[in-house]
Each structure stands twice: as C-alpha cells, then as structure tokens.
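In this note's numbering, the protein residues as written are 1 to 572.
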C-alpha cells in the first residue's frame with residue numbers, strides 16, 4: 001500500500017489507490033479536522049472530532065497548528081512543544097486509520113507547501129518516518145499533487161501548459177503557477193503564494209457569517225450582545241473557545257448548504273448563553289454580508305498575484321497568459337468563488353474537478369507508483385529561499401551575513417536531487433571559532449521576500465547548517481549541498497570521487513572570475529571594441545579580485561557586458 005496524506009490547515013485526508021480507485025480511509029467523502037486539544041486533567045493531547053467535542057474546564061484547543069511549522073517552531077501547547085504535537089498527531093492517524101487495515105505500508109507521500117523551509121520540512125520528514133516506522137517517505141509539493149491528481153482522475157482530458165492552481169482551503173488559500181510539459185512529462189512549480197485566513201479562506205467566510213449574520217440576528221431576537229472578546233476572538237476562556245468552535249461549525253454548515261439551496265432555515269438551540277437563534281438566510285443575504293471578504297480576494301489578485309505573474313511573463317499588457325486555472329480545495333465550493341474568478345481571469349478556462357476536496361490526496365496517493373513507472377519523470381521547483389553564511393566583521397566588531405551566490409529563486413531544481421551551492425574553505429573568514437584549533441561555520445535560510453537580513457534577526461529557527469569540529473578533522477575545503485529530497489544542507493569533502501572542487505585557493509568561486517577575465521581578453525581583441533565598455537568591465541573585475549573571500553555577486557553585470565560585446569560583434 002502506498003499511502004497519501006493531505007495534511008491541510010483545517011482538515012486532513014488520508015488514503016491510497018486500489019484497483020484504479022482512490023480509497024479514503026476516513027470514510028466516503030469524510031475528512032479529519034486538523035485540530036488539537038490539550039486537557040490538563042489527563043495531561044494528554046486529543047485530535048480530530050474528539051478534540052472539537054471536549055468541553056472540560058481548562059481545555060486548550062488549537063486550530064491551524066500546521067501553520068506554526070512555518071512561522072513558529074517554538075510553539076507549545078501545555079507541556080508539549082511543536083515536534084511533540086506533530087508526533088502525537090501523526091501517531092493518531094496511524095493508530096486510528098492505518099493500523100486497523102492490517103496492510104503493509106510500502107511508502108508514504110505527504111503534501112507540503114513550497115513555502116516550507118528546510119527546517120520545517122526536516123521536522124515533518126523525521127516525524128512521519130518515526131510515527132509510521134517506514135523509511136520511504138516522499139514530500140510532494142501540494143500544487144504538483146493537485147495537478148497530478150486531476151490528470152489521473154481525468155485521463156481523457158489532462159491539462160498541460162501554463163497553469164494557475166488555486167487551492168482554497170479552510171485556513172489558507174494557495175496560488176501556484178505551474179508548467180506541465182506534455183512531451184517530457186515534467187512538472188515545474190514556478191511560484192507559490194499563500195494568503196492567510198485573514199485574507200480569504202473558508203474559515204474567514206465562516207467568521208463573516210458569524211459577525212455579519214448570526215450575531216446581529218441574535219441581537220435583534222434577544223436584545224443581547226455577544227461578549228466583545230468572543231466577537232474579537234481574544235483572551236478566550238476554554239468554555240468560550242468551545243462555544244466559538246460550535247458557532248463556526250454551524251456557520252460552515254450554512255456556507256455549504258447555500259451552495260446547493262437558495263434558501264436555508266436555521267434553528268440553533270443554545271446558540272449563546274442558553275438563548276436560541278432562529279433565522280432564514282438566502283443567497284442574496286450571504287453575498288451582501290460576506291462581500292468584504294470577497295473584496296479582499298479581488299485586491300490580493302490585483303495587488304500581489306498580478307505582479308508575480310508579470311514577473312513570470314504570465315501577465316502582460318492587461319492580459320493573463322495562462323492555459324488553464326485549476327480550482328481545488330474544499331472552500332473553492334463556496335458560493336460566488338467560481339464567478340469571481342471567472343470575472344477576474346476573463347477568457348482563461350477554469351477547470352473544476354468533480355471532487356475538488358480530494359484532488360490533492362489523489363495525486364499524493366499515486367505519486368510513488370507514477371514515478372516508479374516513469375509516467376511522471378520529474379517535478380522541479382523554484383525554491384523560494386536564500387542562504388546566508390555568518391562571518392565576524394572586525395571593523396563593526398559584530399557578525400554579519402553574506403548571501404551565498406547559488407540562485408535558488410530563479411533556477412528550476414529537481415525536488416529529488418541535490419545541488420552543490422557553495423564551497424567553504426577551512427581557513428576562511430567564515431570560521432567563527434575563537435579557538436585556533438577549531439572550525440565553526442553557521443549557515444542560515446531566509447524566505448525570498450525577507451527584507452531584514454541582519455545577523456541579529458536570525459535565530460536557531462533559521463539555522464540550517466552548523467559545523468563545529470576540530471580543524472584537524474576537516475579537509476581544506478568542504479562542498480555544501482542543498483539536498484531537497486532529504487530537506488537539509490549537507491557538507492562533503494571536495495576531493496571525494498564524483499565531485500568537482502570549485503576552489504583552488506581560499507575564497508569563493510575564483511574559477512568564475514578567471515572565466516570573466518578570459519571573456520574580457522577576448523572582447524578586447526575585437527576590432528571595434530568600445531573603450532568605455534572595456535574600462536567598465538575591467539573595473540568590475542578588479543573589484544571582484546579585492547573581494548575574493550566573499551561570495552561571488554553581481555554576475556548580472558558581467559553578463560550585460562558580454563551581451564553588449566555580442567551585439568558589437570554582430571554589428572561589425
């Protein structure tokens with residue numbers, strides 16, 4: 001059995017393929033709430049529907065704890081830290097849904113968003129390997145799984161070309177630009193952007209229903225206000241948190257029902273403080289009272305998504321250059337979502353899978369067999385993070401960060417390969433050890449959009465490689481690899497078989513500088529070489545010679561010089 005796990009922000013799905021059919025282990029059309037509750041009385045964590053039903057004094061319920069893996073690895077719930085919570089959650093999935101099948105699990109493929117960094121991916125990989133007792137664990141990008149799942153479920157009408165995958169979930173919405181090459185059977189994730197629940201998501205629509213429909217109707221019927229902290233969801237006592245979850249579940253039910261019925265009658269006993277809520281809601285009321293949330297979606301597309309699409313060449317002169325929009329995720333079924341997207345992306349065909357809630361799970365469950373059979377040769381991605389080496393600056397008397405030159409945000413990297421991203425000299429300015437007999441290197445990771453790149457901003461959360469060894473135990477040079485499959489940076493000896501040492505002396509990439517000098521000499525020999533261009537090129541090379549101990553930068557300038565030289569050559 002090849003198991004797939006679609007670990008969503010609001011709900012988790014788990015299943016596998018059997019005889020060409022997706023088997024949902026939670027039951028037909030069912031999914032597992034991604035919720036955890038801690039009970040001080042028992043000292044235990046509870047998950048899924050049980051976590052939502054617990055209503056004991058002191059109970060602490062946490063939804064959307066998946067997001068903490070991206071933003072707060074130091075998150076705790078009672079005495080449990082985040083790795084503990086993840087271990088308990090995936091052990092719960094194994095115990096409740098997998099072990100009862102009494103079938104051997106050959107592999108597990110779990111979906112991850114591309115904006116999870118190495119640290120988050122590594123924690124997740126280690127957790128699943130431990131909880132399920134299996135070594136073959138794949139981490140597949142969620143938008144890739146969505147496209148793969150659709151093509152598997154629709155073999156007669158697969159999608160290829162430039163695609164915008166929109167995954168609207170309960171807690172977040174993800175927008176991913178994909179390219180699927182039909183001839184080479186290769187998929188490239190070019191970019192993935194996430195909006196939080198405060199922009200547009202299923203939970204934000206639920207909150208709009210509460211605040212703009214349920215609460216005002218309750219005030220009219222009873223003359224009583226809902227407490228401010230419940231309204232604002234701040235400083236909630238356990239009983240209030242339990243009540244809020246109940247209210248949100250009723251709002252979620254109404255949201256789903258309005259997708260199939262134009263008019264809905266509600267009678268909610270004990271809605272708040274023993275008082276019932278009785279009202280009728282139609283689609284017009286829903287649209288008018290949730291309009292601010294839809295407006296935020298429009299603004300996000302206009303202000304953020306268009307600029308990213310333009311950067312990728314997928315939006316030009318007021319026109320979207322897309323072959324398809326693939327719309328998936330449970331919350332994509334919300335009334336009005338398809339209509340808004342059809343208006344915003346006019347003339348771009350919108351693909352609506354028959355079962356949008358399980359499209360990602362289908363792709364995850366089939367990945368192992370698809371890949372082994374070569375039906376999908378590779379998945380490539382633009383990895384949206386940069387790496388920084390820490391060094392001590394004697395002038396400032398503090399540590400500073402140098403960005404490493406490997407361009408992860410503009411290169412399509414195979415998610416199952418490893419790439420040499422730089423070479424560290426043992427005796428270099430990046431040795432932070434105060435002991436002359438020791439070597440200490442530290443490398444950090446920061447998201448592409450991160451602007452505050454100073455050493456003081458970084459913490460152990462961002463530390464992705466630390467080498468602290470005796471100098472005699474290390475070679476003169478260490479090659480550092482980005483291992484995407486293993487979700488980590490690895491160090492290896494430069495002289496090992498099958499590798500090429502970038503360095504012949506202390507410093508970063510002097511070989512590249514030698515090549516630039518060769519280009520300069522060749523250009524100088526041209527009959528009509530421009531003197532000012534030669535002078536500028538020579539100035540750049542001299543500057544690089546003085547900063548050889550730092551990562552090679554400004555490659556774009558050297559490229560421009562060579563392009564100008566080529567143009568001159570063609571003109572002559």
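Cβ atoms here follow ideal geometry from the backbone N, Cα and C, with glycine treated the same way. Quantities reported herein were computed from a predicted structural model and do not represent experimental measurements.
Residue i in three-state terms, based on DSSP
i           : result
residue 174 : strand
residue 503 : Residue confidence for residue 503 is low, a pLDDT of 33 falling below 50, so the modelled location carries little weight; the figure read from the coordinates is stated next. Three-state result, residue 503: coil.
residue 382 : coil
residue 218 : helix
residue 354 : coil
residue 397 : coil
residue 348 : coil
residue 479 : strand
residue 10  : coil
residue 143 : helix
residue 100 : helix
residue 157 : coil
residue 167 : strand
residue 63  : strand
residue 410 : coil
residue 550 : In this predicted model, residue 550 has a pLDDT of only 48, less than 50, meaning its place in the structure is not dependable enough to derive any value.
residue 324 : strand
residue 56  : coil
residue 149 : helix
residue 224 : coil
residue 488 : strand
residue 207 : helix
residue 275 : strand
residue 343 : helix
residue 30  : coil
Element boundaries [beta strand (DSSP E), containing residue i]
i           : result
residue 200 : Per DSSP, residue 200 belongs to no beta strand (DSSP E) and is neither H nor E.
residue 129 : That residue, residue 129, is in no beta strand (DSSP E); its alpha helix (DSSP H) goes 118-132.
residue 418 : 418-425
residue 267 : 263-272
residue 430 : No beta strand (DSSP E) contains residue 430, which DSSP labels as neither H nor E.
residue 467 : 463-470
residue 440 : 438-447
Nearest neighbour of residue i, chosen from the options [CA to CA]
i           : options            : result
residue 249 : 125, 229, 33, 67   : 33
residue 305 : 405, 173, 356, 430 : 173
residue 445 : 94, 97, 121, 276   : 121
residue 111 : 50, 136, 6         : 6
residue 573 : 108, 300, 99, 39   : With the chain covering only 1 through 572, there is no way to say anything about residue 573.
residue 289 : 303, 211, 331, 357 : 211
residue 43  : 28, 55, 59         : 59
residue 92  : 395, 128, 103      : 128
residue 406 : 422, 53, 134       : 422
residue 323 : 75, 566, 178       : 178
residue 519 : 485, 559, 98, 490  : 559
residue 355 : 10, 539, 154       : 154
residue 313 : 164, 138, 491      : 164
residue 357 : 46, 142, 19        : 142
residue 56  : 69, 40, 62         : 40
residue 285 : 334, 327, 308, 209 : 209
residue 377 : 232, 224, 188      : 188
Residue interval of the alpha helix (DSSP H) (run including residue i)
i           : result
residue 83  : 82-93
residue 69  : 68-71
residue 620 : Outside the shown range of the chain (1 to 572) lies residue 620, about which nothing can therefore be said.
residue 245 : 238-257
residue 298 : 283-300
residue 229 : 228-232
residue 115 : Note, residue 115: premise wrong, no alpha helix (DSSP H); not H, not E.
residue 310 : 306-311
Opposing strand residues paired with residue i [DSSP bridges]
i           : result
residue 107 : 2
residue 574 : Lying outside 1 to 572, the shown extent of the chain, residue 574 is not represented and no answer is given.
residue 319 : 316
residue 50  : According to DSSP, which records beta bridges pairwise, residue 50 is partnered with nothing at all.
residue 35  : 63
residue 15  : 4, 24
residue 162 : 179
residue 403 : 388
Heavy atom of the ligand ADP within 8 angstroms of residue i beta-carbon
i           : result
residue 223 : Absence of the ligand ADP is noted for the structure shown, with no ligands found whatsoever.
is_contact[residue i, chain C] using C-beta, thresh 9 angstroms
i           : result
residue 301 : In the structure shown, chain C cannot be found, because there is only a single protein chain.
(request) Pair every Cβ in the stretch 262-271 with every Cβ in the stretch 328-348, then say whether three or more of these pairs are closer than 8 angstroms. (result) No, they do not touch.
(request) Decide yes or no for the touch test of the stretch 459-469 against the stretch 432-444: beta carbon pairs closer than 8 angstroms, at least 3 of them. (result) Enough Cβ pairs lie closer than 8 angstroms, so yes.
(request) Flag this pair as touching only if the stretch 349-367 and the stretch 21-30 have three or more C-beta atom pairs under 8 angstroms; answer yes or no. (result) Taking a contact to require three or more Cβ pairs closer than 8 angstroms, the stretch 349-367 and the stretch 21-30 qualify as touching.
(request) Assess, as a yes-or-no matter, whether the stretch 343-357 is touched by the stretch 152-162 under the definition of 3 or more beta carbon pairs within less than 8 angstroms. (result) Yes, the stretch 152-162 touches the stretch 343-357.
(message) Under 8 angstroms: do the stretch 211-220 and the stretch 274-289 share three or more Cβ pairs, one atom per stretch?
(response) They touch, by the three-pair rule.
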